[in-house]
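A.B. asks: Okay, here's the structure, questions in a sec.
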Amino acid sequence: MKKMSRNVLLQMEEEEDDDDGDIGDVPASRPFLTPHPHLPSSLVLENLGQTIISDLGSLESQQDFRTPEFEEFNGKSDSLFFNDGQRRIDFVLVYEDESRKETNKKGTNEKQRRKRQAYESNLICHGLQLEATRSVLDDKLVFVKVHAPWEVLCTYAEVMHIKLPLKPNDLKNQSSAFGTLNWFTKVLSVDESIIKPEQEFFTAPFEKNRMNDFYIVDRDAFFNPATRSRIVYFILSRVKYQVMNNVSKFGINRLVNSGIYKAAFPLHDCKFRRQSEDPSCPNERYLLYREWAHPRSIYKKQPLDLIRKYYGEKIGIYFAWLGYYTQMLLLAAVVGVACFLYGYLNQDNCTWSKEVCHPDIGGKIIMCPQCDKHCPFWKLNITCESSKKLCIFDSFGTLVFAVFMGIWVTLFLEFWKRRQAELEYEWDTVELQQEEQARPEYEARCTHVVINEITQEEERIPFTAWGKCLRITLCASAVFFWILLIIASVIGIIVYRLSVFIVFSTQLKNLNGTDPIQKYLTPQTATSITASIISFIIIMILNTIYERVAIMITNFELPRTQTDYENSLTMKMFLFQFVNYYSSCFYIAFFKGKFVGYPGDPVYWLGKYRNEECDPGGCLLELTTQLTIIMGGKAIWNNIQEVLLPWIMNLIGRFHRVSGSEKITPRWEQDYHLQPMGKLGLFYEYLEMIIQFGFVTLFVASFPLAPLLALVNNILEIRVDAWKLTTQFRRLVPEKAQDIGAWQPIMQGIAILAVVTNAMIIAFTSDMIPRLVYYWSFSVPPYGNHTSYTMDGYINNTLSIFKVADFKNKSQGNPYSEQGNHTTCRYRDFRYPPGHPQEYKHNIYYWHVIAAKLSFIIVMEHLIYSVKFFISYAIPDVSKRTKSKIQREKYLTQKLLRENHLKDMTKNMGVIAERMIEAVDNNLRPKLE
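Its first residue numbered 1, the sequence shown is counted upward by one per residue in the UniProt record's numbering.
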């Protein structure tokens, strides 16, 4: 390598900047990163401001660049080291050689080359070692391998407050309370002879001046590959490469976005289908594929420790949460299936459904038209099949299941907190002392100087208080606009329902000769199914558009840290998705059929469209249909995207490279041709699961099979995500994480809302309360004629009578005069009949039902909330055993550090005492002589 004694930054004020945006800019006079790893760690982020060279002139005169040496590929396809076989590859940068690009933009290519050379030169100045190798399959591509030597790793481990081993953990693990079931859990667990358990250590934040206190048996193994990659990425994302208008450009992300580099990633350690022939390779990718991602391991527990070791805590905590959620769904699915079977087996005993289907009851009840002019009178018994299906879901089991799910979701969240606390201890993130660094994009905008109220020292912020208020206002307005857009789409679906119902009513009334079609395809059913499908398509389209909009809004908002960024984006995306996915369900559950008036005085939407009515059995079955289509469609669509899309993209890539398939390719080139993971990593995986969690909890009273569908989907989702990460995507940069972030309070909010929605579904969407009121009050005197409590006569009692002649109140006369000689028709409501002093006013039954519904909601909510809060109080977030372990480890760690410190002091004092005695002895000896 060419030698150089100073750092390099390009001064290119006279040239246009061809990068996109200003993310990655920082004032050139501001400190940003250490210029050399041998500096004290306290000065690591404070000294780069002195390394800027004011002007480097033309490229030909720049002899200060330090460039990586080019080495030929040595033919070892599984090697993870430089050609010398000693230095491990911690990161790989890929670029296209500008001199071999097929383009006429020589000026642009020259600028890109200068920026890249300055960047690589500064990487070398910061202590990293680089080695370049040309591609075996495409000689235009160059792979720059990055290695962090020991001194660099130690310096930045201290800067990043990375916890490292002090001594082996000698705390004994207690045996399981379910020792008799060990044979069963052993079948489900990963074979320890294949994936060996990780040795546990006491750890502490690394300090270079106390290096002797740490458990360093082998320097090459002290920092594992995941930690090495994380440290190198920390450096890559902060090194500068250009000065323009007194603003420094920096960071590998900006260079990749602007096309100067084509990719930057850490390496997988081997091929996933077979073990590496290199004895230095740990074969962790192969083990993950065999014991985790392969379909034959679908019944086994996840090797969470190996996942955490290979991909980092952030991905490990996701799979731990998803696995725990799936385990808890098993209980909910069993209870849900039991409630479904209860309804299915008892549907033949459903009295009100028998009345609907009976030819002498439902067959003789003429129902009023459900729209103006074009809709016919219809017989109640055409809804016979839907009423039978409704008996399955609208049963006593629904009430039991709704109460159970209100308690289940609390148990899930509380026990997950305990499990999360255990993982924090096991994965050493209990006291995550890493002070999260500000995002480079945030630091780039820090141009305003203010006085910190606490330290009374100057600090830089990106904008003033007024600027912050302006950004918050604009971001909130943008989010509100998109939510209104979703609501507008929902209104469009409602208008579609109202208009197309007229068409279906007109067309289906001409199918009198085809009874099977009329038996299963009523106008209400056809409208509901088509509207649900269209609603799902609109949801997916708006979802795709809003994802980009939400990222743009969050980038404009400029959160300080990556955690703040993800939390802000999480709230925006979830708020949008909540309205997007659930609005149609809320409409069907709580608005459809609730404000329709009566046939003589219907309610109109927009003054034109007559409001929708529910089936005589209510809207519960339609809500079930909507949930089934959206949940099922979403699961199928997501799995297609997650499985087929990366597989097809990689297949296309292999097809284009088939001409060079006989050549041996190195590990870094194989990984380069895999798919890159999105910038937001696991964000969309979390979002998908939280939306599903909402469907499982918010509307479960209408669809007890929802937990079963979610369980099946999640069992596949775990393995699909594992397969995708292990085989189809480049290795992600490992990241630390203590918990699942903003998703935890979101789930808690859903859990609280779920109690209300399920209580209201049972009260207002199902017919359970009206049936109970009829059974206990209106089937017997003084309101009923039966001598004992019964459901006989329920249908006749809940359908009000309307006089057809009263349609002539319309200015155009009676629109139904040509549809038969019917004098009266029935409609779903509780109103007095014509001729009554209060005709068409709500009757006493209506007020009894309303009182019962409100009472039910209050009682159910208070009951479930009381149980929820009691469970939350009774189950601590951290178990006593885990607390004891944490305190014990903290005590032993502090004791160990103190003892080592005393030993060092004693040793030093002994050396000093010996020197003093020797000096005194040397002074006295001449006098005695």
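Here a beta-carbon is modelled for each residue, glycine too, at the ideal position from N, C-alpha and C. Since this is a predicted model, take the numbers as computed values, not measurements.
(1) Would you tell me roughly how many angstroms separate the C-alpha atoms of L59 and N212, rounded to the nearest one?
(2) Do R771 and Y794 come within 9 Å of each other at the CB atom, strictly closer than that value?
(3) Just confirm the distance between the C-beta atoms of V479 and I553, as a whole number of angstroms; I'd bet it's less than 8 Å.
(4) As an exercise, report each continuous alpha helix (DSSP H) stretch of at least 4 residues that is fully enclosed by the segment 234 to 278, in chain order.
(5) In this structure, how does DSSP classify M211 when only helix, strand and coil are distinguished?
(6) Name the residue from D372, I483, K309, N381 whose alpha carbon lies nearest to the alpha carbon of C357.
(7) Using the C-alpha atoms, what's the distance from E688 back to Q562?
(8) R445 and L627 look like a contact to me (Cβ under 8 Å); what is the Cβ gap, rounded to whole Å?
(9) Does the segment 120 to 127 come close enough to the segment 280 to 293 that 3 or more CB-CB pairs lie under 8 Å?
(10) Considering only residues of the same chain and omitting the five flanking positions on each side of D305, which have a CB-CB separation below 6 Å?
(11) Using the three-state DSSP reduction, which class does G362 fall into: helix, strand or coil?
(12) Find out if the Cβ-Cβ distance for the pair I690, F574 is shorter than 9 Å.
(13) How would you write the range of the beta strand (DSSP E) that A129 sits in, first residue to last?
(14) When we look at the beta-carbon of H126 and count the other beta-carbons within 10 Å, is it buried (16 or more) or exposed?
(15) So, with DSSP's three-state summary, where would you put N923?
(16) Under a three-way DSSP split, which group does P168 fall into?
(17) Just to confirm my understanding: we take G784, look at its own chain, exclude 5 residues before and 5 after, and list those with CB closer than 7 Å. What are they?
(18) Using alpha carbons as the reference points, say which of I472, Q112, S884, L399 lies closest to A759.
(19) So T824 is in the beta strand (DSSP E); what residue range does that whole segment cover?
(20) In whole angstroms, what is the alpha-carbon distance linking K841 and I762?
(21) What is the DSSP secondary structure of A148, counted as helix, strand or coil?
(22) Kindly say whether D170, judged by its beta-carbon, lies nearer than 9 Å to any beta-carbon of chain C.
(23) Quick check: what's the CA-CA separation for I235 versus R113?
(24) Starting from the C-beta of I886, find all residues in its chain whose C-beta is less than 7 Å away, skip the five residues before and the five after it, and write them out in chain order.
(25) Can you tell me whether T823 is buried or exposed? The criterion is at least 16 other CB atoms within 10 Å of its CB, across all chains shown.
(26) Taking 8 Å as the threshold, find out whether the segment 591 to 602 comes into contact with the segment 709 to 725 through three or more Cβ pairs.
(27) To the nearest angstrom, how far is the alpha carbon of E899 from that of V409?
(28) From which residue to which residue does the alpha helix (DSSP H) around S386 run?
(29) If we ignore side chains and look at the alpha-carbon of each, how far apart do L93 and E735 end up?
(30) Counting only the same chain and skipping the five closest in sequence on each side, list residues whose C-beta sits under 7 Å from that of P745.
(31) Excluding the five sequence neighbours on either side, which residues of its own chain have a C-beta within less than 7 Å of the C-beta of S499, listed in chain order?
(32) Which residues does DSSP list as the beta-bridge partners of Y604?
(33) Classify F82 as helix, strand or coil using the three-state DSSP reduction.
(34) Between the segment 482 to 502 and the segment 524 to 533, do at least 3 Cβ pairs fall closer than 8 Å?
(35) Quick test of your reading: V700 and A402, contact by CB under 8 Å. State the CB separation rounded to the nearest angstrom.
(36) Less than 7 Å between C-beta atoms, sequence neighbours within five positions excluded: which residues of the same chain meet that for V490?
C.D. replies: In brief:
(1) Here residue 59 is taken as the residue at index 59 of the sequence shown, counted from 1. Here residue 212 is taken as the residue at index 212 of the sequence shown, counted from 1. With a pLDDT of only 36 at L59, under the threshold of 50, the placement of this residue in the model should not be trusted; the figure read from the coordinates follows. Cα to Cα, the separation comes out at about 46 Å.
(2) By 1-based counting over the sequence shown, the position of residue 794 is 794. By 1-based counting over the sequence shown, the position of residue 771 is 771. The answer is yes: Cβ separation under 9 Å.
(3) Along the sequence shown, read from residue 1 onward, the residue named residue 479 stands at position 479. Along the sequence shown, read from residue 1 onward, the residue named residue 553 stands at position 553. About 7 Å separates the two Cβ atoms, so the contact holds.
(4) 252 to 257
(5) Position 211 of the sequence shown, counted from the first residue, corresponds to residue 211. In this structure, M211 counts as helix in the three-state DSSP scheme.
(6) Counting from 1 along the sequence shown, the entry for residue 357 is found at position 357. For the residues D372, I483, K309, N381, the minimum Cα distance to C357 belongs to N381.
(7) Along the sequence shown, read from residue 1 onward, the residue named residue 562 stands at position 562. Along the sequence shown, read from residue 1 onward, the residue named residue 688 stands at position 688. Distance between the alpha carbons of Q562 and E688 is about 21 Å.
(8) Within the sequence shown, numbered from 1, the residue matching residue 445 stands at position 445. Within the sequence shown, numbered from 1, the residue matching residue 627 stands at position 627. R445 to L627, Cβ: 45 Å. No contact.
(9) no
(10) Translated into the one-based positions of the sequence shown, residue 305 becomes position 305. Around D305: E198.
(11) Taking the first residue of the sequence shown as 1, we reach residue 362 at position 362. Three-state DSSP puts G362 in coil, outside helix and strand.
(12) Residue 690 sits at position 690 when you count from the first residue of the sequence shown. Residue 574 sits at position 574 when you count from the first residue of the sequence shown. Cβ distance < 9 Å, so I690 and F574 count as in contact.
(13) For the purposes of this step, residue 129 is taken as the residue at position 129 of the sequence shown. According to the sequence displayed, residue 129 carries Gln and not Ala. Where Q129 is concerned, the enclosing beta strand (DSSP E) stretches over 129 to 134.
(14) For the purposes of this step, residue 126 is identified with residue 126 of the sequence shown, where counting begins at 1. Label assigned to H126: buried.
(15) Within the sequence shown, residue 923 is the residue found at index 923, counting from 1. Helix.
(16) In the sequence shown, residue 168 corresponds to position 168, counting from 1. DSSP places P168 in strand when its eight states are reduced to three.
(17) Residue mapping note: residue 784 aligns to position 784 of the sequence shown, counting from 1. Contacts found: F778.
(18) The residue given as residue 759 occupies position 759 in the sequence shown. Put simply, of I472, Q112, S884, L399 the residue whose alpha carbon is nearest the alpha carbon of A759 is L399.
(19) Taking the sequence shown and counting its residues from 1, one reaches residue 824 at position 824. From DSSP, the beta strand (DSSP E) with T824 extends over 824 to 828.
(20) Position 841 of the sequence shown, counting from 1, holds the residue named residue 841. Position 762 of the sequence shown, counting from 1, holds the residue named residue 762. Roughly 25 Å between the two C-alpha positions.
(21) Position 148 of the sequence shown holds residue 148. When secondary structure is reduced to three states using DSSP, A148 falls in the coil class, being assigned neither helix nor strand.
(22) Reference to chain C is not applicable here, since this structure consists of a single protein chain.
(23) Stepping through the sequence shown from its first residue, residue 235 is reached at position 235. Stepping through the sequence shown from its first residue, residue 113 is reached at position 113. Their backbone Cα atoms lie some 21 Å apart in a straight line.
(24) Within the sequence shown, numbered from 1, the residue matching residue 886 stands at position 886. Y425, V430, listed in sequence order.
(25) On the sequence shown, position 823 is the one that residue 823 refers to. The residue in question, T823, is exposed, as its Cβ has fewer than 16 Cβ neighbours within 10 Å.
(26) no
(27) Position 899 of the sequence shown holds residue 899. Position 409 of the sequence shown holds residue 409. Rounded to the nearest angstrom, the two C-alpha atoms are 47 Å apart.
(28) Sequence index remark: in the sequence shown, residue 386 carries index 386 (1-based). Element bounds for S386: 384 to 393.
(29) Taking the sequence shown and counting its residues from 1, one reaches residue 93 at position 93. Taking the sequence shown and counting its residues from 1, one reaches residue 735 at position 735. Rounded to the nearest angstrom, the two C-alpha atoms are 19 Å apart.
(30) As a first step, residue 745 is located in the sequence shown; it is residue number 745 there, counting from the start. Hits under 7 Å: none found.
(31) Here residue 499 is taken as the residue at index 499 of the sequence shown, counted from 1. Closer than 7 Å at Cβ, skipping near neighbours: Y609.
(32) Counting from one through the sequence shown, the residue named residue 604 turns up at place 604. Answer is R610.
(33) Locating residue 82 in the sequence shown gives position 82, where the first residue counts as 1. Note: F82 maps to coil in three-state DSSP.
(34) yes
(35) Mapped onto the sequence shown, residue 700 falls at position 700. Mapped onto the sequence shown, residue 402 falls at position 402. Contact holds; Cβ gap of about 7 Å.
(36) On the sequence shown, residue 490 is found 490 positions in, with the first residue counted as 1. Result list for V490: S583, S584, Y587, in chain order.
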